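Just so we're aligned: the sequence shown equals residues 74 to 245 in our numbering.
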Amino acid sequence: MGVEFNMEDFAEFNRSLVKLSQSGSLQNFNKQVVKEMASVYVREAKLNTPVGKRSVKFMQNGQVQTKYFDSEHTRQSWSVGRYRLDDRTGRVRVFNTSSYASFLNDGHRQEVGRFLPWIGQSKGGVMQGGRLKKPWVDGAYMHEKAEKALSKNAKRIMEIALKKWIEKHGGF
74 MGVEFNMEDF AEFNRSLVKL SQSGSLQNFN KQVVKEMASV YVREAKLNTP VGKRSVKFMQ
134 NGQVQTKYFD SEHTRQSWSV GRYRLDDRTG RVRVFNTSSY ASFLNDGHRQ EVGRFLPWIG
194 QSKGGVMQGG RLKKPWVDGA YMHEKAEKAL SKNAKRIMEI ALKKWIEKHG GF
């Protein structure tokens, strides 16, 4: 039992790859894959960014006040930077422009005992105020969760992009 190979087919395949590498098409493929990975990262980061429009009524100086919270801003502030090609590595920076994003991601300290009129016990739908009790608020770790999801799906993303790219350039 033997196996036969036609080496001319391999030579043709090699010539095709050399031709593609010299045409700049590989850089476009790299850019496409990096952008696809960045979009997956941003999607996961947005899904893990806590949001919620809400309002709280509280007493201040004997009057009922309303404080509105809108955390949707942080979710909408995810951005993707410009694509850069360094030697053979394509890079794109993913970041959040919200000034509060790092505190939301990593957690933050708070002043124990500080009085806030919009927390505490509710009486008749009006918050009576309360004091902060915990010195640390844990983060939501949006970056870490997005990075983990991207690492888990990176191989699949690259395989799909490679199949599309090969089909587009002759199917080999």
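All C-beta atoms, glycine included, are put in the ideal place defined by N, C-alpha and C.
From a predicted model like this one, the values you see are computed outputs, not experimental measurements.
Closest by CA to residue i, which one among the options?
| i | options | result |
| --- | --- | --- |
| Gly198 | Arg148, Phe131, Arg157 | Phe131 |
| Asn134 | Val91, Val210, Trp209, Pro190 | Pro190 |
| Glu109 | Arg148, His242, Arg229, Glu240 | Arg229 |
| Leu235 | Ala222, Ser112, Gln105 | Gln105 |
| Leu99 | Ser171, Tyr214, Arg148, Thr162 | Thr162 |
| Ile239 | Leu90, Asn178, Ala84 | Leu90 |
| Gln258 | Ser171, Gly202, Glu145 | For the chain, the structure presents residues 74 to 245; residue 258 sits outside this window and is missing. |
| Lys221 | Asp160, Arg116, Glu85, Asn87 | Arg116 |
| Met200 | Gln138, Lys92, Phe83, Glu145 | Gln138 |
Given residue i, which residues of its chain have a CB within under 8 Å of its CB, disregarding the five upstream and five downstream residues?
| i | result |
| --- | --- |
| Gly180 | Trp209, Val210, Asp211, Gly212 |
| Lys207 | Gln183, Val185 |
| Arg187 | Arg204, Leu205 |
| Asp160 | none |
Considering only the beta carbon of each residue, do residue i and residue j sit closer than 8 Å?
| i | j | result |
| --- | --- | --- |
| Leu158 | Glu184 | no |
| Thr147 | Tyr173 | yes |
| Ala219 | Ala118 | yes |
| Asn169 | Ser195 | no |
| Val167 | Tyr156 | no |
Any idea if residue i is buried or exposed, counting beta-carbon neighbours within 10 angstroms, 16 or more meaning buried?
| i | result |
| --- | --- |
| Thr122 | buried |
| Phe102 | buried |
| Val107 | buried |
| Leu223 | buried |
| Met80 | exposed |
Give every residue of the same chain whose Cβ lies closer than 7 Å to the Cβ of residue i, excluding the five residues on either side of it in the sequence, and list them in chain order.
| i | result |
| --- | --- |
| His216 | Ala118, Asn178 |
| Met231 | Val106 |
| Ala227 | Met110 |
| Lys140 | Ser128, Val129, Phe131, Trp191 |
| Ser171 | His146, Thr147, Ser150 |
| Tyr214 | Asn178 |
Nearest chain C C-beta to residue i closer than 8 Å, yes or no?
| i | result |
| --- | --- |
| Ser171 | Among the chains in the structure shown there is no chain C, since it carries only a single protein chain. |
Next on the checklist: List, from N- to C-terminal side, the beta strand (DSSP E) runs of 3 residues or more that fit wholly inside the segment 143 to 185.
Outcome noted: 151 to 153, 157 to 159, 162 to 164, 167 to 169, 180 to 182
Checklist entry - In chain order, which continuous runs of the alpha helix (DSSP H) of length 4 or greater are located wholly inside the segment 84 to 138? => result 98 to 120
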